[in-house]
Structure formats: C-alpha cells, structure tokens
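>
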Amino acid sequence: MSSQDDIRAKRLARLAALQLSSQQGQTSRSESPKPDPPKKQPEPVKKAPEQPKPSPVQKRAAEEPLAAAKPQKQTPPVESTLLTPELVDKWLRAEIPRTFGVDFKKFSDLGSSGQLSAESIEDVFVEILTDMGTPSSTLPIVYLYDVYKKAFQLKRILPKKDQIYEQKLAIVSSIVNFCASYGLICFQIPEMVLNNDIEKSIDTFIDRSDMSPFLVDIINKSIELDYLLDLMSLLLPTISAKLHGLNLQRPEYSKYLSIWENLVSVKPVAAIFSQVDGFAPPDPSKGLDFEHKTLLGSFLRLSPLAGEVAAFYFAGGSKSDALLELSPAQLLPLFSSAQNEMKVVFDRIWFIMDKLIRGSPQTRQDIMKWFADLVNVSHLRTGSHAKANKLPSDGFMFNISYLLIRLSMPFLDYPMFSKLDKIDPDYFGPKNKLLNVKEDARMYASSSEADEYYDDAMETETNFISDCFYLALTYMEYGIGGMITQHGRLKNELKRSTEMLARMQRDPAARGMLPRITEFVNTSRCRVYAIDAVSLDQNVNLEIFDFVIGASQFMARTIDPQHKHPFPRLEVPIFQIERVSQLDDHDFLKTKTPVPWKYFPEYMLLGLINYCKFISRYGSNALMTNEEKLSVFVEFATILLRCPELIGNPHMKGSIVEIFFGGSLPMRNGSPGYMANIFNTNKLVLNNLLYSLLDIYVMIEKTGASSQFYDKFNSRFYISMIIEELWHNDHYRKQLTDYLRHNVEFFIRFIARMLNDTTFLIDEAFNSLNSIHNLQVELNAREAGSEGNTDEFGTTEELEGNLLTEESKAKSYMGLANQTMKLFKLFTKQVPEGFTIGELVDRLAGMMDYNLSLLVGPKCSNLKVKEPEKYDFDPKKTLADICEVYANLSGESKFKQAVARDGRSFDVKWFEKAKNILTTKTTVDDALIRDFYLFGLAAEQERVAYEQEEMELGEVPEELLDPLMFTLMEDPVILPGSRVTMDRSTVKAHLLSDPTDPFNRMPLKLEDVIDDVDMREKVAQFKQGKRPA
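Using full-length UniProt numbering, read the sequence shown as starting at 1 and increasing by one per residue.
#1: So, L961 versus P998, is the Cβ gap smaller than 8 Å?
#2: In this structure, does DSSP put Y973 in helix, strand or coil?
#3: Secondary structure at L961, three-state DSSP: helix, strand or coil?
#4: Please return the same chain residues whose Cβ sits closer than 6 Å to the Cβ of L118, not counting the five positions on each side in sequence.
#5: Here's the rule: buried if 16 or more other CB atoms are within 10 angstroms of the residue's CB, otherwise exposed. What is G903?
#6: If you compare alpha carbons, which of L412, R506, R511, A509 is closest to Y465?
#7: Helix, strand or coil for P159, going by three-state DSSP, please let me know.
#8: Which of helix, strand or coil does DSSP assign to L323?
#9: According to DSSP, what are the bridge partners of R442?
#10: Our contact map puts residue 1078 next to L302 with C-beta atoms below 8 Å; I'd like the distance itself, whole angstroms only.
#11: Using the Cα positions of Q115 and S173, report the straight-line distance between them to the nearest angstrom.
#12: Near L407, which residues of its chain fall below 6 Å by C-beta distance, leaving aside the five closest residues on each side in sequence?
#13: Going by alpha carbons, who is nearest to E1017 out of L257, L1004, G834, L968?
#14: Can you name the residues that DSSP bridges to T996?
#15: If R348 and E261 are in contact, beta carbons under 8 Å, what's the gap, nearest whole angstrom?
#16: Relative to the C-alpha of L646, which candidate in E439, I559, R716, T523 has its C-alpha closest?
#17: Among the residues of its own chain, which have a CB less than 7 Å from the CB of L356, if the five just before and after it don't count?
#18: Taking DSSP as the reference, what is the three-state secondary structure of T820?
#19: With T920 as the anchor, note down where its alpha helix (DSSP H) starts and where it stops.
#20: So, does the segment 832–851 touch the segment 794–813, judging by three or more C-beta pairs under 8 Å?
#21: Using only the alpha-carbon positions, how far apart do L1004 and P995 sit?
#22: Is the segment 745–764 touching the segment 793–804, taking contact as three or more C-beta pairs under 8 Å?
#23: To the nearest angstrom, how far is it from the Cα of M192 to the Cα of G479?
#24: Pick from T134, F835, E867: whose alpha carbon is nearest that of H773?
#25: Suppose the cutoff is 8 Å on Cβ atoms and the five residues either side in sequence are ignored; what does the same chain contact list for V956 look like?
#26: Can you give me the start and stop residues for the alpha helix (DSSP H) that D283 sits inside?
#27: I think A445 touches Y603, with their Cβ atoms under 8 Å apart; what is that distance to the nearest whole Å?
#28: Within its chain, find whatever has a CB closer than 7 Å to the CB of A386; leave out the 5 residues flanking it on each side and keep chain order.
#29: Could you give the residue range of the beta strand (DSSP E) that holds T981?
#30: Under DSSP, the alpha helix (DSSP H) around H651 begins and ends at which residues?
#31: Work out the CA separation of G788 and R782 for me, nearest whole Å.
#32: Let me check one thing: in DSSP terms, what residues is I1010 bridge-paired to?
#33: Is the beta carbon of L693 closer than 8 Å to that of I719?
#34: With a threshold of 7 Å on Cβ separation, who are the neighbours of F351 within its own chain once the five nearest residues in sequence on each side are excluded?
#35: With 16 other CB atoms within 10 Å as the buried threshold, where does M667 fall?
#36: Can we say the segment 496–506 touches the segment 412–421, given the rule of at least three CB pairs closer than 8 Å?
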C-alpha cells in the first residue's frame, strides 16, 4: 500500500486535472460570442480548494514553542508541549467520524502511516467528495452544510483550558473554511464532486433559510477568488426563473424573497448586480420582457393586483358559475387582508432594491436606466384601447412607482422643502439620457419648440436626485396612471358584460355561453376590487400624496419668476391681462408662459392630477387626513386654474375642478367637505378660486378629447356645485358683485356661456322628455294589443332600445339643467343688474319666456312621462326655479323691456297659469309668486306700449334692419371681413358664443369692427321722419 503522502499527491493531481478541464471549458466559453456588455472571466483557482492561508490562530499555534521561552506568557510545560502531535492525532481520530459522519475505517489510508494533523483535514474532504461520496448519497451541498454546522457547534464547546485549545480551534476553523471552499467548488467545478447537482443545490438554499450563513460564506469565498460574477450568474437567473412562476397566492414566494434578501445584503453582490446574466431584458422594446424575463421582474411583479392573486383574495381562487357579488361588509376584511400582504411584500421588495441601489454607483445607474427603458415602452398603458395582456402589469408598474416615490421622499422634505434646489429644472434637454419625451405633449409648447429651446443647452451629467424625481413623475402617469386607466376600463367592461349576461339569461339559446361570461365578469370584478384595495390603503396613499405635495412645491418653484417658492410664496396672478379676450388667445398666452415650465412634458403634471382625481372619488382617501398638506396641493391647483398661461390643456383643468368638487361636497355626517375650510380660510384660495372657476366655465368649451362634448358639461356641473357651496361664504358673494362693477367683460363672458348652456340643456332635456312621452304612449298601445306604428317607431325591440337611449339623455341633460338653474337663482339674486347688460338681456328674456311656455302652455302635456323622477324631472320644481329667477329680476326695467319685446314666447296668460299652479300645488313663498305675477303684468303693459310704438314707426326699410335679429339698428358697424353691416349689440352678443364673422366664419374681434357712419345717419333720418310733428 502507498504511503499517505503518495495517495494525497495522486488526489491532488487528479484535482488539478479537473481544474484544468474546467479552465479549458471556461476559456472556450469566454471565446464564444457573448451579448454585450462582455463579462470579465475570472481566472480559475489553480487548486480547488486552494489551501487557505494560515489564520492568526494557526500562526500562533505554529509559533507556540518559540513563545514558551518568553516569561511574560503562560505556556504549557515543555514535556506537555512535546505531546501535542499525539494529542492532536488522538482528538482528530475521535472527532472526524463525529463531524464528517463517516466511520474512520472507511477512509482508505487516512492516518495509516503516521499521525493525523491539521493537514489531514483536506484529505478528508477530498476523499469523501471525490472518492467515496457523501454518506447516504446526501446532496454534497447539504452534506457540507451539515459538516459546517457541526464545526461551529464544536467550536462553541471547545474548552479554552484545553492544553491544545489553539490547535483544535485552528483545525475547526479550517473545517469551516474548507466547507465554504468546497461549497464554491460545487458550483465552480461541479463535475469534480460526486453526486453533485447545481439546480438541486440552489433549490436547497431556497428551501432552507437556515443555510443562509453558509451561502454567505461561499459567496465571500467566491469574492476572494474573483468568481463572484460567475457564481451570481448561476444562482440569480435560476432563482428568478423559479420565482417567475409564483405570486402572492402561493405562500412559497416568501422563501424566494428571503434568499434575495440574503444575497443583496452582501454588498459586493449588490455592487456587481447589473452585470449578472438576466439583468437586462432580451428585447428592450418589449415591456413584457422586463417583467417576465429579467432578474428584477421576478420579484417586482409580486402584487395583489395580479389577476390570479385578485381572484385568490376575492373569489377564493376557485371558478364558479355563480356571479360574484360582495357587499361592503364582506369586502372590508378582504381589503384588509390584501393590504396587509401587500405591505409585507413591498417592504421586502424595498429592502432588496434599497440594498441594490446602495450597492455601487454602477448598479444604481443601471437600475435607473432599467426603470427608464421600461417606462419608455409602456406609454400605451394609459391609452383608451390598450390591451392589458400585451403590456406590463399593474402590479409590476405600481411597485416600481411606489419604489421611486419612496426614493424621492428624502429630498421632498415636508414642510421645509429645503432640498428642492437639488432637482434640476432644466432636465429635459441634452442632460436627459433616460426618458424619451420626444413625442410627448408639453405644458404650453410644441415638441419642436421645446427642441429649439434646448438646442444651445450644455450636455452635462445629471444627479441621482433629478433622475429619481423625474422617473417618479413619469411612473405616476404610466405606472399608477395606467392602473387608474385599467380601473376605468374594467368598470366599463363590467357594465357591458353584466348587461350582456342579463340578456343571455333571458335567452335559452344563449345559456351555453353563461359560464364563460360569468367567469369573465367575476375575474374583472376581482381585479376592480384589488385596485380598490390598493387605492384605499391609507399608508400607501399617504406616502404617494406626500410625493404629490413635494412635486407640487417644486413645480410652483419652477413657475415662480424668482424660483424661490415656497420662501417667499408665489403670488398670483403672475401677470395681469389687458383685455378679457386674451384669456381665450392661446398664442398670446404662450408668450407669457414661464420657462422652463413651458417645455416640461405634460404628463409630469397629468399623473399627479389624475391620481388625486381618482382617489378623491373614494369616501375615505389620503387627501382627507392632513389639512395642512392638503392646503399645499389646493394652493398649487388654484394657481394652475388662475393663471391661464400655465396649462394649454383644458382637460387637465377640468380634472382639477373635479378634485375640488369632491372636496367641496358635504360629508356623510353633514359636516362641510374636507376642502371647505381651505376654501374659506386660505388667503390665496379665497382671492383666486371664484375667478378661476368662472374662467374655466367658459374655457372648458373645448377640451381636445373625443369626449369633449360631455366633458364640458360635466366640468360645468362640478363648477356649479362648488360655487353652490362657496355661496355660504359672504366673501365669494361680494367677489361676484365686484366682478360686475370692475370687470364687466369677464362677468359677461361667463354669464353668456351659462345662458347658452341653460338654453341648450333645457331644450335637449325637454326634447328627450317629449320623445319619451311618445315612445311610452306607443309602447302602452302595443302592450294593450294594438299593432302600433311600426313605420315611425320600428319594431318593439327597436322601440325599447330608443326609449332607453332617450331616458339616458333626459336624465343627463335634466340633471345638468337643474344645477345650472341653481346658479341662475344664486347670481340673479346677488347681482340682478348684471343680467340686464345689452348683450345678455334679450337672450335671457327669450330663454325664460320659452321655457315658461313649455311648462304651462299647450305643449306641456308632451312632457308628461311615467316616473319623471327617474330623469331628475320635477316639473313643479322647474317651474318654481323659473319663477324665482323672474322674481329676482323683477325690479330691473331693462329685463322687463326685453321680456316685452319677445314676440315669440311671451304671453301674460302663462304667468297667470303658472301663478295658479305655484299657489295650489307647491310650497313656493307667496311673496315670490306675487313678485313673479306682477312682473308679468308689468311686462304685458310694456309690450302693449312697445307694440304701439312699432305701429307708429311703420314698416322699416330692410337695409336698416339688423341681418340677424331683424330689428332696427341703433349702433350700426361694418364687419371687416364680410363687409356686412350689423348692430354693435348683436355683434357683441354673437361673439360671446362664437369668435368668428357669422357670414364668412373668419376670426372676428369686437375692436376690429368699423363704425358705419352712413347707416347711422340713415337710421336717424328714418326715425326723425316717423316722429309726429
């Protein structure tokens, strides 16, 4: 039999051969083409494992004989020291079987030709791992961990008074070190170790959290040997691939997060993370690749917003043929469960990402670019027709949004905001290397104008604070904003699907499709519930709203001409208009927009506004919890409304109005809305809110959206509701009076638009009610057995469909009309003289007279419908509203004259009939009814006198008549484009609703008209000739 040294030499030779084979394989791999960026292939160790350098303990053990001569140290007697090798041999022969779990006799030659020593330990590892195999064929990595654990246990119980304590300690430490070294060999040279399996080894580390310290030691060993990147490129892609198949409905996801947490806690791992295989997506142009084919995507996608997780929480995870319907009481604990799970998961994701971002400048920079590349290809998430299954998921994008918000909060420090100057306001020029904003709309400029502005800017590096902040704003729009869009889309789909389900249940032929449609409805409802759960999570949304507050202050600082807000605070308006027409002149307003705000991407603001609008719809939301913070946002939003030069997108202003509407509504307990106190006490808001609302009421006519027809009426409905609440404060009422006296053009502009709306809405509502009346009569006839008028009304199915359409229109128009009438009552009571201005009074009188005739005249029977309350139609209430407006204006002689001149609709008998109805069938105050009726009588007297005057005047030559109103012109002017002569008052009235020449549709301004001196002279001569001598 060979000597022990010969056997050891042969083993080491074989080990060297394996290492050479591994080195050649690595060399071959390194020479094959690799995707960019190339990785540096570390040089393999020359011997595996490389003999560890003597530890300080080992050095002390070797030097102990020399130290014995030194009197200052306590050392064993010389005769005891001479016995040390024998004592070590004896101890090892007893300890090796216990620690390594292998009977000493199974070793081929261990200790057969001499004493065992510290050098024998490596032979034990080599023989077990490469010759005999691990006991019971245990997975080598598990076996090494067992030895590693026993060695630590042994180290703890070693008696320090043992005369060979230092030698024993050094040997035990070397066992620990060899375990880590051979643990690395299991990944570095897997074929060297018998029964080795890399995938099973990784699974073991995932499944057994108790092995984490051992894994960390293996990683530290790889760092020593410059093998860390290779090791991570083995571990992380495998871990990620397995995690990609899980989500929160599978509890085992937790152990994957645990190993992620352990790995990134090793700073060198975090430092090289972005170089690991699988960090970048295979195809950066596909957002789904970021989520499903990258390391980060594996854990960033964990969320209760995922479809399968939502079904798990809200439908129990099982498919059912029954329609899912949960009451608020049933939803509450489910929301709480989802929110708690989300908190736990996100805090762990935050821990991982925080470690990575702090790992190294390179990792931080690459992660920021990863986030930017993802959002750059995810803009379709906010599209109205986006296909959710083709885009990154809501849970994935929400988690990243929330991460970036948390990262941003340290430099948005409420209430001091002392670090706002660290954010670069000139970011969106050559400095911006991350975000693709080339095609994005700007605040008040075109993309080409923005490019031109930044042409001469210097290309310098940005700081992390700016990158993080602007990324967070971008994710507010396309991350959280995409979730909000999805919520609306799902609710619309749910409405359509439930209606379809109801129809199919009535149709026996379609019942085979019921299970599939029911499953779709249930799935969609679960996803809506999941978004609701996230949106109602106070802790999450308080953090997000804190970001909104900080971002608002930064934007206000950018708008501020001095760029010092909030110390001192920005004052508005920033500039004073010279003419009211400038409010509607976009080209002029663009010249007043501050830079660089003017060139900011519009989505920066849109994301903040849409988020606040969305959560304000919930009965309990983050806006309600802190009035001081809320006042910061309300101030900023008021600035945006008050300064027309800041935003070119009316739709965005409409969204702000909706937020204010939500905050103005009284609470369920009857207390004022959660913004009411701010509206009534904040100086900036008090001085600017009413003006802003009256301006937006007019400006919102065109929002630019495909739904602008409905948007403008919705916004005006919200404005009227807000004003109704503001009217409790005398300050706002006095402001309206002040506008009439000192800003007449502005007042007229608003009242004219309100008059147009009221006329249109009541007309449309009454037309729909008339149609409903006719359709109901026809339907009743058919139900009674009549054949019906199919030529006019079509089939019964078509008739029912038309009835539903008209009912929907009537409810919408009537609701808006009712609210607008409330404004008329408030304003005519506060400033009745404002409604007698020449441009307004005739139109107002005509509208009032016409609607009165419809309600009490011969056509009123056509408005009788079944269940009128379904359409918000209460004819007696509508009549009372009209009566009140008449009464409010009854003291104005110009209004009385205008009513008298209304030859189309005015008839005193309608006043008589209305008085009888109001007296007998309503609770309207008698004094108000009397004022209304007496006004009618006075107007009748005025009409008789006016008619007499007309008769005396005789037939008026056509050239002296206004071409639109067909009345004798008093102040004729020539339109510059069409050269047509009109009365100035008619031009003024026309321009209030249409800024073009009525005869050629060219742009027209009042200041451009030309006095028609000749025509004025002809009118004067005509009047003079008709006067009695």
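Note that CB positions come from ideal geometry on N, CA and C, so glycine has one too.
Considering the structure as presented:
#1: Cβ distance not < 8 Å, so L961 and P998 don't count as in contact.
#2: Tyr is not the amino acid found at residue 973; the sequence shown has Val there. V973 sits in a strand when the DSSP states are folded into three classes.
#3: Collapsing the DSSP output to three states places L961 in a strand.
#4: The question names Leu, yet the displayed sequence has Ala at residue 118. For A118, where only same-chain residues beyond five positions count, the Cβ hits under 6 Å are I171.
#5: The residue is exposed, with fewer than 16 neighbouring Cβ atoms inside 10 Å.
#6: In the sequence as displayed, the identity of residue 465 is Ile instead of Tyr. Taking only the C-alpha atoms, the option nearest I465 is L412.
#7: P159 carries a coil assignment under DSSP once its states are collapsed to helix, strand and coil.
#8: Here L323 sits in coil by DSSP.
#9: Bridge partners of R442: P601.
#10: Residue 1078 is absent from the model: the chain starts at 1 and stops at 1029.
#11: Roughly 20 Å between the two C-alpha positions.
#12: Cβ neighbours of L407 within its own chain (closer than 6 Å, five residues either side excluded): C468.
#13: Relative to the Cα of E1017, the nearest Cα in the group L257, L1004, G834, L968 belongs to L968.
#14: T996 is bridged to P1003.
#15: In this structure, R348 and E261 form a Cβ contact; the two beta carbons are roughly 7 Å apart against a cut-off of 8 Å.
#16: Here the closest residue by C-alpha is I559.
#17: Excluding positions up to five away in sequence, the list reads V264, A270, F273, T363, I367.
#18: Here T820 sits in helix by DSSP.
#19: Where T920 is concerned, the enclosing alpha helix (DSSP H) stretches over 908–921.
#20: Taking 8 Å as the limit for Cβ pairs, the verdict is that the segment 794–813 does not touch the segment 832–851.
#21: Answer to the nearest angstrom: the Cα atoms are 6 Å apart.
#22: Cβ pair count under 8 Å is below three, so no.
#23: For M192 and G479, the distance between alpha carbons rounds to 48 Å.
#24: Closest by alpha carbon: E867.
#25: Within its own chain, the residues whose Cβ lies closer than 8 Å to the Cβ of V956, once the five positions on either side in sequence are excluded, are L968, F1022, listed in chain order.
#26: The continuous stretches of alpha helix (DSSP H) do not include D283, and DSSP gives it neither H nor E.
#27: Not really, about 14 Å apart at Cβ, beyond 8 Å.
#28: Within the same chain, Cβ atoms closer than 7 Å to the Cβ of A386 are found at L380, the five residues on either side in sequence being excluded.
#29: Segment 981–983, the beta strand (DSSP E) holding T981.
#30: Note, H651: alpha helix (DSSP H), 650–664.
#31: Roughly 6 Å between the two C-alpha positions.
#32: Answer is I974, bridged to I1010.
#33: The beta carbons of I719 and L693 sit closer together than 8 Å.
#34: The beta carbon of F351 is closer than 7 Å to those of E261 in its chain, skipping five residues each way along the sequence.
#35: The C-beta of M667 has fewer than 16 other C-beta atoms within 10 Å across all chains shown, which makes the residue exposed.
#36: Not touching, per the Cβ criterion.
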